[in-house]
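Colleague: Per my numbering, the very first residue in the sequence shown carries number 1051; after that it's consecutive.
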Amino acid sequence: MNSTVVLRVENHSIYYNFSKNNSQFLAFEIDDCHLPLAMIFILALAYGAVIILGVTGNLALIIIILRQKEMRNVTNILIVNLSFSDLLVAIMCLPFTFVYTIMDHWVFGEAMCKLNPFVQCVSITVSIFSLVLIAVERHQLIINPRGWRPNNRHAYVAIAVIWLLAVASSLPFLIYQVMTDEPLQNFTLDEYNDKYVCYDKFPSESDRLSYTTLLLVLQYFGPLGFIFICYFKRYIYA
1051 MNSTVVLRVE NHSIYYNFSK NNSQFLAFEI DDCHLPLAMI FILALAYGAV IILGVTGNLA
1111 LIIIILRQKE MRNVTNILIV NLSFSDLLVA IMCLPFTFVY TIMDHWVFGE AMCKLNPFVQ
1171 CVSITVSIFS LVLIAVERHQ LIINPRGWRP NNRHAYVAIA VIWLLAVASS LPFLIYQVMT
1231 DEPLQNFTLD EYNDKYVCYD KFPSESDRLS YTTLLLVLQY FGPLGFIFIC YFKRYIYA
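(1) Quick one: residues in its chain with C-beta nearer than 8 Å to the C-beta of L1093, no 5 flanking neighbours on either side, listed in chain order?
(2) Taking the CB atoms as reference points, tell me whether Y1047 and P1145 lie closer together than 9 Å.
(3) Cβ atoms of I1115 and V1100: under 9 Å apart, would you say?
(4) Are the beta-carbon atoms of R1188 and R1284 separated by less than 9 Å?
(5) List the DSSP bridge partners of D1250.
(6) Does the pairing of the region 1244–1259 with the region 1201–1211 give three or more beta-carbon distances under 8 Å?
(7) Do N1202 and I1112 have their CB atoms nearer than 9 Å?
(8) I'd like to check one pair, V1217 with C1163: are the Cβ atoms closer than 9 Å?
(9) What did DSSP end up calling C1280 once you bin it into helix, strand or coil?
(10) Measuring CB atoms only, is the region 1174–1192 touching the region 1243–1254, in the sense that at least three cross pairs come out at less than 8 Å?
(11) Around the C-beta of S1254, are 16 or more other C-beta atoms found within 10 angstroms, so that it is buried, or is it exposed?
(12) Taking all protein chains shown into account, decide if Q1170 is buried (16 or more other Cβ within 10 angstroms of its Cβ) or exposed.
(13) DSSP three-state label for V1157, please.
(14) Measure the C-alpha to C-alpha separation of W1198 and F1158 and round it to an integer number of angstroms.
(15) May I have the straight-line CA-CA distance separating L1221 from W1213, to the nearest angstrom?
(16) Return helix, strand or coil for N1108, following the three-state DSSP convention.
(17) Could you tell me which of I1277, K1251, L1215 and G1275 sits nearest to T1230, measuring between CA atoms?
(18) With distances taken from CA atoms, which of L1087, L1268, L1132 and I1178 is nearest G1104?
(19) If we require 4 or more residues per run, which alpha helix (DSSP H) segments fall completely within the region 1129–1199?
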């Protein structure tokens, strides 16, 4: 039969409906359902340090290379691209992730709910493939110095292709990322009334598994194998 469990958490009550043979009432108390103040301080310190160093460090590197024309070689162009993608994460992702972690619900609207993971996925993909291109350029310079070597024009074309690939592979986040209160509909907590969470809602679990597997190969195993081959050949050559 249907029964209701009432969970009392400090001055709040959670009501959860489920089916079982007998109805029963459960009541218990816990000290607090929020992050301890010390944990919030540690997270704020860690996120703040990463954001500040990420913004200032990457921005300084980009300005230095762009202002000095003699530094605009293939490697440095790719490094600027890598720094720009890292800068996007520091500005567009980390602050929102920190607030979401602390507040435990999404407060930035549906547009940012979609944009935040999209930008993060794009940035990670761009960063990984920038490292792959740097490995290829170094490989050609050392292993085959008299053969084909990429020039600045090749670097710009490769960067454009990387960004197109990154945007295309990240589009599911724009499509399936949703801001909803659906995970909270089975129970109520006074503090979380009219609150929302932000998460990916794929048509099926198999679709989610297929996409995450694709990202794992695209962002990790594939680039890692390619970089390993390049640097292993350099090691043998040396």
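Glycine included, each C-beta is placed from N, C-alpha and C at the ideal position.
Modeller: Quick answer:
(1) Residues L1085, F1148, T1151 and I1152 of the same chain have their beta carbon placed closer than 8 Å to that of L1093, with the five preceding and five following residues left out of the count.
(2) In the structure as shown, the chain begins at 1051 and stops at 1288. Residue 1047 is therefore absent and cannot be evaluated.
(3) No, Cβ-Cβ distance for V1100 and I1115 is not below 9 Å.
(4) Contact flag set, yes.
(5) Bridge partners of D1250: Q1227.
(6) Too few Cβ pairs lie closer than 8 Å, so no.
(7) No, the Cβ-Cβ distance between N1202 and I1112 is not below 9 Å.
(8) Not a contact, by the Cβ cut-off of 9 Å.
(9) Reduced to three states, the DSSP call for C1280 is helix.
(10) Verdict: no, contact absent.
(11) Burial call: exposed.
(12) Q1170 comes out buried.
(13) In the structure shown, V1157 sits in coil (DSSP, three-state: anything other than H, G, I, E or B).
(14) Straight-line Cα distance between these residues: approximately 49 Å.
(15) L1221 and W1213: Cα-Cα distance of roughly 12 Å.
(16) Helix, per DSSP.
(17) When C-alpha distances from T1230 are compared across I1277, K1251, L1215 and G1275, the shortest belongs to K1251.
(18) Ranking L1087, L1268, L1132 and I1178 by CA distance to the CA of G1104 puts L1132 first.
(19) Taking only runs of at least 4 residues, the alpha helix (DSSP H) segments lying wholly in the region 1129–1199 are 1144–1153 and 1159–1193.
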